[in-house]
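Reminder that position 56 of the sequence shown reads as 59 in the working numbering, one-by-one numbering, no gaps. Idealized CB from N, CA, C, for every residue including glycine. For reference, the structure is listed below as structure tokens.
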Amino acid sequence: MSLLKRENPENKSGKIIIDFSSELEEMCLDCQKEMQKKRSDFRDKLNSSILVLKNEIDNAALMNLKEMEEVNKYKDTEIEQLQTMVNEMVRELEICNRTSKKKIK
């Protein structure tokens, strides 16, 4: 597909129009696919972390105080990792949105 089009093909001195719409659409679709993959990966990690935390909470009732402190440390680490994943996802979304807006302009 040619990007260059004459506004008036019969008139050789007519304006030439450059059409980037298909390229922009393709870039937006690529960005959407990439974000869907990241969302899916994020959901998987989040679900896995939630299951781990639920199991730890369920097992906490059977533990003594010292073991519970260790679990709490582990839980804090899991929460920090979840927060990091959320922050990374938000950053990726912001970058993708800015990139898409720049490409559209």
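When Cβ pairs closer than 8 angstroms are counted between the two stretches, the region 34-42 is seen not to touch the region 54-63, the count staying below three. Here the alpha carbon of Glu81 sits roughly 27 angstroms from the alpha carbon of Cys99. Shown here for Lys48: same chain residues with a beta carbon closer than 7 angstroms to its own, the five before and five after excluded, namely Met88 in chain order.
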